[in-house]
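What follows is a single structure, written as structure tokens, with notes after it.
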Amino acid sequence: MSVPVPDITGFIDLHVHSAPDNVPRLLDDLQLARQAAAAGMRGLLLKSHSTLTADRATLAQTHAGPAVEVWGGLALNDPVGGFNPAAVQVAIAFGAREIWMPTRHTLNENRRENRGDVGLTIFDADGAIRDEVYEILHLIAQADVVLGTGHISVQETMALVPAARTAGVRRILITHPSAPFTDFSLDQQRDLARQGCFFEHCWVFTTPLLKRMGNDVDPARILNDIRQVGWETAVLSTDYGQADNPSPVEGLRAFAAACLAGGFTEAQVRRMGAENPAALVSR
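In terms of the numbering used here, the sequence shown opens at residue 130 and continues consecutively.
Have a look at this one:
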């Protein structure tokens, strides 16, 4: 018996990777935008670990037409100067809708990969949040864009979120909370939910590609996190775009299908796939 293809009309994927990039990608920005439009999706947020994507998003939007919205952002990794307020100012001026804490160049990831005690951390030598991080939080708050927590450690995120709230940041998205290099407990997620955070669950961690890399997550874990913490705060994203994975559109359909098979209602899946992400990026 065939499984019906989920309707992802109006869905928004807030975490997709596309070309040009410094690693192989399945689709370029315009190809991805056109596929999303053909699927009836409302929008995409382009992510790069190396560079600004807001400028590229503007071009993709122009050429894809009004059928789909395309947004971009900035991840605060080494190529943009790490915790660099000037880079954040420029990104926001280009229309960035999300500023991510560091991803690939964090102390957290380097320790996990046994690369030593090097890398980007929000803490200074005394264990306090760095001044430049506070400056970035104020810029995010002033522009009312999304703060993405990236690949910093759980300890860092648990300190960052109340600091962000104090700085006036309204939109906070916890990046793939079940990933092996973040791995928030249910109690930690509930604590963050009480502080008004959303949780970006990424289906890429269920793919054979991530299993080969040793970074896979049991799909049941992702669905259970959503069930236990609350679909009201969940965002369905893919983190797809790798050359060896299906397209992000296919990934989003697979995620929606898994949620339906896992007992979530169509209305709940639509809330997670369309309404919650829209609440984060809409102006």
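The C-beta atom is built at its ideal place from N, Cα and C for all residues, glycine as well.
Residue i (DSSP reduced to helix, strand or coil)
| i | result |
| --- | --- |
| Cys326 | coil |
| Leu156 | coil |
| Asn405 | helix |
| Arg382 | helix |
| Phe334 | helix |
| Ala168 | coil |
| Ala396 | helix |
| Thr138 | coil |
| Leu205 | coil |
| Val217 | helix |
| Met130 | Residue placement at Met130 is poorly supported in this model, since its pLDDT is 41, which falls under 50; the coordinates still yield a value, given next. The answer is coil: DSSP assigns Met130 none of H, G, I, E or B. |
| Thr235 | strand |
| Arg356 | helix |
| Ala390 | helix |
| Ala363 | strand |
| Glu198 | strand |
| His305 | coil |
Assigned exposure category for residue i - 16 Cβ within 10 Å defines buried
| i | result |
| --- | --- |
| His178 | buried |
| Val346 | buried |
| Arg329 | One point to set straight first is that residue 329 is Glu, not Arg, in the sequence displayed. Classification of Glu329: buried, given that the 10 Å Cβ count is 16 or more. |
| Met130 | No answer about Met130 holds up, because its pLDDT of 41 lies below 50 and its placement is not dependable. |
| His234 | buried |
| Met342 | exposed |
| Arg420 | Nothing can be reported for residue 420, as the shown portion of the chain is limited to 130 through 412. |
| Ala225 | buried |
| Val275 | buried |
| Lys176 | buried |
| Gln164 | buried |
| Gly245 | exposed |
| Glu361 | exposed |
| Pro406 | buried |
Spatial distance of residue i from residue j (CA atoms)
| i | j | result |
| --- | --- | --- |
| Met287 | Cys326 | 11 Å |
| Leu173 | Thr335 | 20 Å |
| Leu338 | Val152 | 15 Å |
| Asn353 | Ala322 | 15 Å |
| Asp255 | Asn243 | 23 Å |
| Asn344 | Ala387 | 20 Å |
| Thr394 | Arg319 | 22 Å |
| Val134 | Gln190 | 27 Å |
| Thr367 | His305 | 10 Å |
| Ile251 | Ser282 | 10 Å |
| Trp332 | Ala396 | 19 Å |
| Pro385 | Asp253 | Here residue 385 is Ala; the residue named in the question, Pro, does not match the sequence. If I take the Cα positions, the gap works out to 41 Å. |
| Leu365 | Phe223 | 26 Å |
| Met170 | Arg382 | 11 Å |
| Ala372 | Phe212 | 29 Å |
| Glu404 | Glu198 | 15 Å |
| Leu161 | Arg294 | 34 Å |
| Ser376 | Pro214 | 33 Å |
| Gly391 | Val398 | 11 Å |
| Arg185 | His192 | 11 Å |
| Val378 | Asn237 | 30 Å |
| Gln357 | Phe313 | 13 Å |
| Gln324 | Leu266 | 16 Å |
| Ile221 | Gly194 | 22 Å |
| Tyr263 | Glu227 | 16 Å |
| Thr232 | Asp207 | 10 Å |
Integer Cβ distance of residue i from residue j, believed to fall under 8 Å
| i | j | result |
| --- | --- | --- |
| Leu302 | Gly277 | 5 Å |
| Ile355 | Ala349 | Ile355 to Ala349, Cβ: 11 Å. No contact. |
| Gly297 | Ala272 | Gly297 to Ala272, Cβ: 11 Å. No contact. |
| Gly248 | Trp229 | Not really, about 15 Å apart at Cβ, beyond 8 Å. |
| Leu268 | Val217 | 5 Å |
| His146 | Gly402 | That belief does not hold up - the Cβ atoms of His146 and Gly402 are roughly 19 Å apart, past 8 Å. |
Residue-chain proximity (residue i, chain B), Cβ-Cβ < 8 Å
| i | result |
| --- | --- |
| Ser282 | Absence of chain B from the displayed structure is noted, only one protein chain being present. |
Reference residue i; option with closest CA among the options
| i | options | result |
| --- | --- | --- |
| Thr311 | Gln284, Ile355 and Val298 | Gln284 |
| Gly359 | Leu381, Asp316 and Val209 | Asp316 |
| Leu159 | Arg399, Thr182, Pro231 and Ile228 | Thr182 |
| Ala308 | Glu261, Ile351 and Glu379 | Ile351 |
| Ala167 | Gly139, Arg259, Pro291 and Thr232 | Gly139 |
| Arg259 | Leu289, Asn239 and Arg240 | Leu289 |
| Arg261 | Leu143, Val410, Leu205 and Asp157 | For the record, residue 261 in the displayed sequence is Glu; it is not Arg. Checking every option, the nearest Cα to that of Glu261 belongs to Leu205. |
| Ala408 | Asn239, Ala257 and Ile141 | Ile141 |
| Gly210 | Thr180, Pro149 and Asn239 | Thr180 |
Closer than 7 Å: residue i CB and nearest the ligand NAD heavy atom
| i | result |
| --- | --- |
| Val346 | You won't find the ligand NAD in this model; it holds no ligand whatsoever. |
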